[in-house]
Amino acid sequence: MTMWVAGLLLASLVTETCFAATTTTGATTAPADDGTRRVVCYWNSWSFYRKGKGKSTVQKLDTRPTRLCTHFVYNTVGIRGAEVVSLDPWNDYSDSGGNGNLRRFANLKRRKLLVAVGGQSLGSVPFSRVAEKHRKEFAESGAAFCREHRVDGLVLTWHYPASGGGRPEDKENFVLLLREMKAAFSKAKLELGVDLSVAREIVTNGYNLPEIAKNVDFMTVNAFDYWGVWSGRTGPVAPLHGLSDTDYTTASVTYSINSYLKTGVPRSKIVLAITTLGRTWTLNDTSNIGYGAQSDEGGPAGNYTLTPGALGYNELCESMKKDKWVVNYDKGLKASYAV
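In mature numbering (1 follows the signal peptide of the UniProt record, and there is no 0), the protein residues as written are -20 to -1, 1 to 319.
Structure, rendered in structure tokens:
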């Protein structure tokens, strides 16, 4: 019998419903009553295309489970040349019978509304080119995009500077790009955020963290996906703490955030990302079901996300109920897993 393990870290935002879209949220360490607290909630626009209970619409963002959100982020749009553009005009716009999700998003009330630019599908190369020679044009295009679509700002999601086809100069050019964007966005009274990795190589080669912090309103720090199918064995998606003298020492949320803070990044700028995604594995040996178990293959794809080795929160809820998974807790890592 094939067994599989899912590492879970569930955001409080969606614990009231098992059919929310896979969402990333975060809150800064700033006091809740000083007007600067941010709980930033991402809506993945492609989830609109999913079938059945996996489908998510903009309208569902304006319901009871999202009361905690101070900001919504429409994820994602892209780059063409030096311009910010839609990656999926049919989904984003209402022209010629399109879905018009960007317009619906702009009509949400009582929240700051931002749009993410970039992401994994866009990669690093378009950003590398813009940051080298077209910083001013890109900044002006971003501000114009916000005004046209009635949103309050952008989140720059460069995956990742100086990697994935990028160049060593990206580290310096990233800061120069953000300076240009800060000037344009401050003038237009728009917010600017960035989406950042905690992977050591990416941080070292691609980020000047103190300078990045000076030029943005907030930094979403993606302190998750420490382990996955690529690891060759099971591990917690986002353990709060590591274990000394093991491979888990530095692979933890606490270690990553402290590493950011040690560079001089202000606490008030950090938004800790919390994923509702579960990573899954098919175990090589079903007698070993804990963290560190060997695995060469991800778990089966879910009915909605259709991605081997990963399940959305809605899929996890369904699977745990249907298949009667047993939830275990690792006291050392302070992380749960289900078998």
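The beta-carbon is built from N, C-alpha and C at its ideal position, and this holds for glycine as well.
Taking the alpha-carbon positions, what's the residue i to residue j distance?
i, j, result
"G208", "R259", "6 Å"
"G222", "L313", "6 Å"
"T262", "T50", "38 Å"
"residue 371", "R18", "Residue 371 is absent from the model: the chain starts at -20 and stops at 319."
"S66", "N81", "11 Å"
"V64", "F118", "7 Å"
"K249", "D197", "6 Å"
"F107", "V306", "44 Å"
"C21", "T43", "13 Å"
"G282", "A123", "38 Å"
"N238", "T229", "13 Å"
"V38", "W23", "8 Å"
"residue 346", "K301", "Within the shown structure, residues of the chain are numbered from -20 to 319, placing residue 346 beyond reach of any answer."
"D303", "V251", "35 Å"
"S236", "R30", "33 Å"
"R91", "N268", "46 Å"
"E298", "K33", "10 Å"
"T234", "A203", "9 Å"
"K311", "L257", "21 Å"
"Y187", "L93", "26 Å"
"E120", "P141", "21 Å"
"L189", "A86", "31 Å"
"K35", "S104", "29 Å"
"K169", "K89", "18 Å"
"E295", "D72", "26 Å"
Per DSSP, which one or two residues make a beta bridge with residue i?
i, result
"M199", "V174, I250"
"R213", "Q274"
"A96", "N55, V135"
Leaving out five residues on either side along the sequence, give the residues of the same chain with a beta carbon under 6 Å from the beta carbon of residue i.
i, result
"A96", "V53, N55, T56, V135, T137"
"G61", "none"
"G215", "W207, Y271"
"Q274", "R213, N264"
"E277", "T262"
"P148", "A142"
Using a Cβ-Cβ cutoff of less than 8 Å, which residues in the same chain neighbour residue i once the five nearest sequence positions on both sides are dropped?
i, result
"residue 387", "No statement about residue 387 is possible, as the shown extent of the chain runs from -20 to 319 and does not include it."
"L156", "A111, R115"
"I59", "V65, V97, G98, L102, P106, F107, V110, F118"
Keeping to the same chain, check which residues put their C-beta closer than 7 Å to that of residue i; ignore five residues upstream and five downstream.
i, result
"L241", "R247"
"W70", "G78, N79"
| message | Tell me whether the segment 122 to 131 and the segment 175 to 184 touch, counting them as touching only if at least three CB pairs, one residue from each stretch, are closer than 8 Å. | response | In short, these stretches do not touch, since the Cβ pair count stays below three.
| task | Just list the beta strand (DSSP E) runs in the segment 228 to 272, keeping only unbroken ones of 3 residues or longer that don't cross its boundaries, in chain order. | result | Entirely contained in the segment 228 to 272, the beta strand (DSSP E) runs reaching 3 residues are, in chain order, 250 to 252, 258 to 262.
| message | With three or more beta-carbon pairs closer than 8 Å as the criterion, would you say the segment 160 to 172 touches the segment 183 to 198? | response | Enough Cβ pairs lie closer than 8 Å, so yes.
| Going along the chain, which unbroken runs of the alpha helix (DSSP H) with 4 or more residues stay wholly within the segment 21 to 94? | Runs of the alpha helix (DSSP H) spanning 4 or more residues and lying entirely within the segment 21 to 94 occur at 69 to 72, 81 to 86, in chain order.
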